[in-house]
Every structure is written in structure tokens, then in C-alpha cells.
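Everything below concerns the one structure shown next.
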Amino acid sequence: MYLFYFFAAILIFLGYKSLRGGIDYLNYFKHELAEPKSDFTPFASVFIPCRGLDQDLTENLSAHFWQNYPNYEVIFIVDNENDEAVSVIKFFLDNNTISTKLVIAGKAEDEGQKVHNLRQAVLEIADKSEIFVFVDSDARPDQHWLRNLVAPLKDENIGCSTGYRWFIARKNNFSSQLRSVWNASIASALGANANKNFCWGGSMAIRRETFEKIGMREKWRGTLSDDFAMTRAMKEMNLPICFVPNCLTATVEDCGFSELLEFTTRQMKITRVYASHLWIASFIGSGLFTITFWSGVVLLFFVSGWHFWLTFILLLIILTLGASKAWLRLKAVKMVLKKYEKELNKSFLWQISLWVFSSALYFYNSFCAFMSNVITWRGITYKLESPNETIILESGKN
Numbered sequence: 002m003y004l005f006y007f008f009a010a011i012l013i014f015l016g017y018k019s020l021r022g023g024i025d026y027l028n029y030f031k032h033e034l035a036e037p038k039s040d041f042t043p044f045a046s047v048f049i050p051c052r053g054l055d056q057d058l059t060e061n062l063s064a065h066f067w068q069n070y071p072n073y074e075v076i077f078i079v080d081n082e083n084d085e086a087v088s089v090i091k092f093f094l095d096n097n098t099i100s101t102k103l104v105i106a107g108k109a110e111d112e113g114q115k116v117h118n119l120r121q122a123v124l125e126i127a128d129k130s131e132i133f134v135f136v137d138s139d140a141r142p143d144q145h146w147l148r149n150l151v152a153p154l155k156d157e158n159i160g161c162s163t164g165y166r167w168f169i170a171r172k173n174n175f176s177s178q179l180r181s182v183w184n185a186s187i188a189s190a191l192g193a194n195a196n197k198n199f200c201w202g203g204s205m206a207i208r209r210e211t212f213e214k215i216g217m218r219e220k221w222r223g224t225l226s227d228d229f230a231m232t233r234a235m236k237e238m239n240l241p242i243c244f245v246p247n248c249l250t251a252t253v254e255d256c257g258f259s260e261l262l263e264f265t266t267r268q269m270k271i272t273r274v275y276a277s278h279l280w281i282a283s284f285i286g287s288g289l290f291t292i293t294f295w296s297g298v299v300l301l302f303f304v305s306g307w308h309f310w311l312t313f314i315l316l317l318i319i320l321t322l323g324a325s326k327a328w329l330r331l332k333a334v335k336m337v338l339k340k341y342e343k344e345l346n347k348s349f350l351w352q353i354s355l356w357v358f359s360s361a362l363y364f365y366n367s368f369c370a371f372m373s374n375v376i377t378w379r380g381i382t383y384k385l386e387s388p389n390e391t392i393i394l395e396s397g398k399n
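Quick note: the working numbering has the sequence shown finishing at residue 399, numbered continuously throughout.
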């Protein structure tokens with residue numbers, strides 16, 4: 002019992018710190034959203050690597066042709082001209098006024114297919130391009146996304162600007178909502194401290210000059226994760242990463258339980274290879290929470306008297322702190338994703354309750370990452386030997 006009380010006290014302390022972080026997160030959103038729109042709009046190249054048909058791919062891609070931004074080009078990249086996404090891409094090649102091109106990158110041999118695609122695509126830019134913008138095909142940005150993402154780069158001392166994803170579940174099924182809650186804890190790790198932020202490859206921008214100066218194309222060689230490699234490059238060069246709350250981007254998808262496990266475990270395996278300190282922290286933190294909290298729940302069935310009530314109160318405090326953090330996070334997100342207010346309101350109960358289960362899922366993911374460095378991503382199976390060495394075990398069909 003006393004061992005439980007000791008670890009429960011630690012969880013309460015950590016929960017309090019997390020709640021303070023949630024307050025800071027909300028305040029950062031409020032401050033940044035109050036800033037006026039930027040007039041910094043140099044010519045930008047928007048890179049969109051595609052493979053297969055994402056859910057609602059046409060709607061996702063169309064968002065890039067309605068940007069409130071005067072000067073940009075859109076570059077789609079696939080590895081194979083027979084890719085299912087090509088038929089969708091060709092519609093945009095023929096039916097818009099924005100400069101658009103399709104790059105056939107070919108199969109990757111010793112690096113992630115997405116990284117290979119990007120390494121080829123940066124060679125195909127317009128001469129006048131000053132900004133490189135990278136976005137995932139499953140992201141659905143709003144019309145001000147590009148302007149907001151580029152804005153921080155007006156300061157030449159900023160290394161990279163980034164947004165992040167927020168999963169919007171179309172259906173209120175358990176797996177889709179749990180994935181959203183699992184991902185939300187990562188989203189709220191970003192904030193005002195540019196030196197602690199990380200890049201997210203689904204929505205990030207960098208000056209062309211900076212990209213070439215740090216040799217990013219070569220730094221990508223042999224890697225699987227474009228954003229972890231970019232983050233590492235920023236840290237090595239002591240370049241700050243600016244998180245732009247306005248560029249929190251909706252990913253509107255549903256998933257089944259097997260897809261949930263595959264996605265979350267893949268993310269943690271990548272994290273173990275590229276940022277082992279974060280993987281260790283997740284392993285220890287999620288393990289501590291999962292074992293302590295659920296041990297407390299079990300103890301309620303075997304103790305009585307003051308032990309019962311003290312255990313109950315400690316668990317209630319832990320739950321209240323976690324639920325409050327989730328509520329603050331959701332409140333901040335609703336300030337940005339106003340178009341999805343209805344879906345976000347429906348997710349309220351999920352967000353303030355499923356974080357308990359997401360901690361257990363993190364523990365499972367971290368353990369799986371300890372046991373294996375093999376992942377399957379977009380139909381391709383990789384072995385992650387090191388941050389700069391990727392082995393393709395199975396190229397898949399496409």
C-alpha cells in the first residue's frame with residue numbers, strides 16, 4: 002500500500018506539472034492567434050509526396066489550391082507513375098491556375114520512400130523559389146495555412162517553422178478517438194520554447210537558403226524520417242524551430258484497432274531510432290503511470306477503511322489533473338480548427354477519459370519498439386539500423 006502511495010504522489014506531481022504545461026499551451030495559442038496576418042510572402046515551393054489513396058485524398062489536395070498566398074508552386078511526388086494517387090493528381094494538373102507539376106521519383110533503394118521522393122523533388126523547383134514547404138497528403142490545411150507557416154521565416158535566424166496534426170474522427174468509434182488522444186499528447190509538447198520544439202514533416206517550412214546551407218538534402222540520405230532528420234539538423238546548427246498554432250492541421254480519418262496499433266507502434270519505433278531519449282522517457286513515464294494507476298484501481302477491490310478512501314482520493318486527483326490537461330488542450334485546438342467544432346465537441350468525453358488508456362498504449366508501443374526495429378509504412382517494410390541507415394526489406398506493390 003505504501004509503495005502505491007509513494008508512486009501515486011509522484012504521478013500527482015507530474016500531473017500538476019503537465020497541467021501547468023496545458024495552461025501555457027492555451028496561453029501560447031491565444032497570444033499567437035492574436036497576431037496580425039503576415040505580409041511576408043516570398044515565392045514558395047510546396048512539396049506533397051503521395052503514395053496510394055488516402056481517405057478523402059481529393060479534398061485534402063484541393064486545400065492547397067485555395068491558399069491565401071500570392072506566389073507559390075505545388076509539386077506532387079510519387080515513386081511510380083502507376084500509383085493510385087496519380088489519377089487524382091492529374092485532375093489538379095489540368096484544372097487550376099497555380100503552377101503545378103508531378104515528379105516521378107522512382108523506387109528508393111537505401112532510404113525511406115518519402116525521403117527519397119523529397120530528395121528528388123527539391124531538384125525540380127522554380128529558380129525563383131525562396132521557401133520550401135513540406136506537407137503530407139493526409140493533411141487538410143485551411144486557406145491561411147501557407148501564409149501562417151511561412152510567416153516566422155521572415156526572421157532569418159529561425160531555422161524552420163512547423164505545425165502539427167490533429168486527428169479528426171468522422172465516426173465516434175473507440176479506435177479512431179484513441180488514436181486522436183494518443184496523438185494529442187505529442188501535439189501539446191510543442192509551444193513557445195523554440196529550442197525544445199521539433200519539426201513535423203506533415204507541415205513544415207524552411208528557407209531555401211537555410212536548406213542548402215545546412216546541406217539538408219545530403220543529411221536526408223539514408224534516413225527514413227524526414228522530420229526527425231530535419232529536427233536533428235536544426236539542433237546541430239543551433240537553429241530554433243518555431244511552432245505555429247495556426248498551422249495545426251486536421252487529418253480527417255477513421256481507423257480500426259489494428260490500424261491504431263500499427264500507426265502508434267510505428268511512430269514509437271521511429272522515435273527509438275531517431276530520438277532515443279524521448280523513447281526512454283516515454284517508456285519509463287507510461288510504464289510508471291500504467292502500473293501505478295491500474296494497481297490503484299485493483300487495490301480498491303481489496304482494501305477497506307481509510308486505505309480505501311485514501312487510494313480513491315489519490316486516483317481521483319490523478320484523473321482530475323489529466324482530464325483538466327486534456328480539456329485545456331482541446332480548448333486550444335478548437336480556437337484553430339473552427340471548421341471542425343462539431344466533431345471536436347463530440348470528442349470532448351473521449352479526450353478527457355481516453356488519456357488513461359493512451360498511457361497504456363504508449364507503454365505497449367515503447368515495449369514493441371524495444372523488441373523490434375522493423376516497420377511497415379505505406380506498404381513498404383523497412384529495417385531501421387540507425388538514423389542514417391535504412392534497409393528496405395520489402396518494397397511492396399505500387
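Note that beta-carbon positions come from the ideal geometry of N, C-alpha and C, so glycine has one too.
Practice task
Tell me, to the nearest whole angstrom, how far the beta carbon of residue 53 is from that of residue 379; I am working on the premise that it is less than 8 Å.
Solution key: Numbered from its first residue, the sequence shown carries residue 53 at position 52. Numbered from its first residue, the sequence shown carries residue 379 at position 378. About 6 Å; that satisfies the 8 Å criterion.
Exercise for the section: Under the assumption that residue 48 contacts residue 72 (Cβ atoms under 8 Å), give the Cβ distance between them as a whole number of angstroms. Expected result: Position 47 of the sequence shown, counted from the first residue, corresponds to residue 48. Position 71 of the sequence shown, counted from the first residue, corresponds to residue 72. Rounded, the Cβ-Cβ distance is 16 Å, inconsistent with contact.
Exercise for the section: Report the rounded CA-to-CA distance for residue 173 versus residue 76, giving the unit in angstroms. Expected result: Here residue 173 corresponds to residue number 172 of the sequence shown, with the count starting at 1. Here residue 76 corresponds to residue number 75 of the sequence shown, with the count starting at 1. Taking the straight line joining both Cα atoms gives about 35 Å.
Handout entry: Rounded straight-line distance, which links the Cα of residue 205 to that of residue 325
Key = Counting from one through the sequence shown, the residue named residue 325 turns up at place 324. Counting from one through the sequence shown, the residue named residue 205 turns up at place 204. Cα to Cα, the separation comes out at about 29 Å.
Handout entry: alpha helix (DSSP H) segments (min. 4 residues) lying fully within the stretch 146-189
Key = 146-151 and 175-188
Exercise for the section: Check whether the Cβ of residue 97 lies closer than 7 Å to any heavy atom of the ligand ATP, and answer yes or no. Expected result: Although the ligand ATP was asked about, the structure shown includes no ligands whatsoever.
Practice task
Alpha carbon to alpha carbon, how far is residue 238 from residue 231? Give it in angstroms, no decimals.
Solution key: The residue labelled residue 231 in the question sits at position 230 within the sequence shown. The residue labelled residue 238 in the question sits at position 237 within the sequence shown. Whole-angstrom Cα-Cα distance: 11 Å.
Handout entry: Beta-carbon spacing of residue 70, residue 246 below 8 Å
Key = The residue labelled residue 70 in the question sits at position 69 within the sequence shown. The residue labelled residue 246 in the question sits at position 245 within the sequence shown. No, the pair does not count as a contact, with Cβ atoms beyond the cut-off.
Exercise for the section: Helix, strand or coil for residue 260, going by three-state DSSP, please let me know. Expected result: Locating residue 260 in the sequence shown gives position 259, where the first residue counts as 1. Helix.
Practice task
Drop a sphere of 10 angstroms on the beta-carbon of residue 254, count the other beta-carbons inside from all chains shown, and report buried for 16 or more, exposed for fewer.
Solution key: Against the sequence shown, residue 254 aligns to sequence position 253. Label assigned to residue 254: buried.
Problem - Per-residue DSSP class, three states only, for residue 208 - result: Residue 208 sits at position 207 when you count from the first residue of the sequence shown. Strand, per DSSP.
Problem - Identified DSSP bridge partners for residue 383 - result: As a working note, residue 383 is residue 382 in the sequence shown. Its beta-bridge partners are 376 and 393.
Exercise for the section: Inspect the beta-carbon positions of residue 357 and residue 284 and report whether they are closer than 8 Å. Expected result: Here residue 357 is taken as the residue at index 356 of the sequence shown, counted from 1. Here residue 284 is taken as the residue at index 283 of the sequence shown, counted from 1. Taking 8 Å as the Cβ cut-off, residue 357 and residue 284 do not qualify as a contacting pair.
Practice task
Identify whether residue 93 lies in helix, strand or coil by the three-state DSSP scheme.
Solution key: Within the sequence shown, numbered from 1, the residue matching residue 93 stands at position 92. DSSP places residue 93 in helix when its eight states are reduced to three.
Handout entry: Cβ-based burial, residue 377 [other Cβ within 10 Å; buried from 16]
Key = The residue given as residue 377 occupies position 376 in the sequence shown. Residue 377 should be labelled exposed.
Practice task
Give the C-beta separation of residue 59 and residue 140 to the nearest angstrom, bearing in mind that I take them to be a contact with Cβ-Cβ under 8 Å.
Solution key: By one-based count along the sequence shown, residue 59 stands at place 58. By one-based count along the sequence shown, residue 140 stands at place 139. Not confirmed; about 14 Å, so no contact.
Exercise for the section: Evaluate residue 24 with the Cβ neighbour count: other Cβ atoms within 10 Å of its Cβ, from every protein chain shown; 16 or more gives buried, anything less gives exposed. Expected result: The residue given as residue 24 occupies position 23 in the sequence shown. Exposed, since its Cβ has fewer than 16 Cβ neighbours within 10 Å.
Exercise for the section: Tell me, please, whether the stretch 175-190 touches the stretch 80-99 by the rule of three or more beta-carbon pairs shorter than 8 Å. Expected result: no
Exercise for the section: Spell out a yes or no on whether the stretch 153-163 and the stretch 195-210 are touching, meaning 3 or more CB-CB pairs, one atom from each, closer than 8 Å. Expected result: yes
Practice task
Less than 8 Å between the CB atoms is what I'm expecting for residue 353 and residue 12, so what's the real figure, rounded?
Solution key: Mapped onto the sequence shown, residue 353 falls at position 352. Mapped onto the sequence shown, residue 12 falls at position 11. Incorrect: roughly 17 Å between the Cβ atoms, too far for contact.
Handout entry: Anticipated Cβ contact below 8 Å, residue 116 with residue 132, distance rounded
Key = Numbered from its first residue, the sequence shown carries residue 116 at position 115. Numbered from its first residue, the sequence shown carries residue 132 at position 131. Incorrect: roughly 20 Å between the Cβ atoms, too far for contact.
Practice task
To the nearest angstrom, report how far apart residue 61 and residue 104 are at their CA atoms.
Solution key: Working through the sequence shown from its first residue, we reach residue 61 at position 60. Working through the sequence shown from its first residue, we reach residue 104 at position 103. Whole-angstrom Cα-Cα distance: 19 Å.
Exercise for the section: Could you have a look at residue 69 and say whether DSSP puts it in helix, strand or coil? Expected result: As a first step, residue 69 is located in the sequence shown; it is residue number 68 there, counting from the start. DSSP places residue 69 in coil when its eight states are reduced to three.
Handout entry: Cβ-Cβ separation, residue 112 to residue 223 (assumed contact under 8 Å), whole Å
Key = Stepping through the sequence shown from its first residue, residue 223 is reached at position 222. Stepping through the sequence shown from its first residue, residue 112 is reached at position 111. Indeed they touch by this definition, with Cβ atoms about 5 Å apart.
Exercise for the section: Reducing DSSP to helix, strand and coil, say where residue 243 ends up. Expected result: Numbered from 1 along the sequence shown, position 242 holds the residue referred to as residue 243. Strand at residue 243.
Practice task
Entirely within the stretch 83-147 and at least 4 residues each: give me those alpha helix (DSSP H) ranges in chain order.
Solution key: 86-95 and 114-122
Problem - Three-state class that DSSP yields for residue 78 in the structure shown - result: As a first step, residue 78 is located in the sequence shown; it is residue number 77 there, counting from the start. Residue 78 falls in the strand class under three-state DSSP.
Practice task
Evaluate residue 35 with the Cβ neighbour count: other Cβ atoms within 10 Å of its Cβ, from every protein chain shown; 16 or more gives buried, anything less gives exposed.
Solution key: Numbered from 1 along the sequence shown, position 34 holds the residue referred to as residue 35. Exposed, because fewer than 16 other Cβ atoms sit within 10 Å of the Cβ of residue 35.
Exercise for the section: Kindly indicate which three-state DSSP category residue 304 falls into: helix, strand or coil? Expected result: Taking the first residue of the sequence shown as 1, we reach residue 304 at position 303. Of the three classes helix, strand and coil, the one that applies to residue 304 here is coil, per DSSP.
Problem - For residue 49: DSSP bridge partner residues - result: As a working mapping, residue 49 is identified with position 48 in the sequence shown. According to DSSP, which records beta bridges pairwise, residue 49 is partnered with 77.
Practice task
For the alpha helix (DSSP H) holding residue 353, just list the boundary residues, first then last.
Solution key: Along the sequence shown, one-based indexing puts residue 353 at 352. Here the alpha helix (DSSP H) through residue 353 covers 349-354.
Handout entry: Cβ shell of residue 229 (< 6 Å), same chain only, five flanking positions each side left out
Key = On the sequence shown, residue 229 is found 228 positions in, with the first residue counted as 1. Same-chain partners within the cutoff: 275.
Handout entry: Coarse secondary structure for residue 249, derived from DSSP in three states
Key = Your numbering for residue 249 matches position 248 in the sequence shown. Residue 249 falls in the strand class under three-state DSSP.
Exercise for the section: Could you pull out every residue in the same chain whose Cβ sits closer than 8 Å to the Cβ of residue 269, ignoring the five residues on either side in sequence? Expected result: Indexing the sequence shown from 1 puts residue 269 at position 268. Same-chain partners within the cutoff: 280, 283, 363, 366, 367, 369 and 370.
Exercise for the section: Could you work out which residue in 312, 201, 226 and 241 is closest to residue 193 when comparing CA atoms only? Expected result: The residue you call residue 193 lines up with position 192 of the sequence shown. It is 241 whose Cα lies nearest to the Cα of residue 193.
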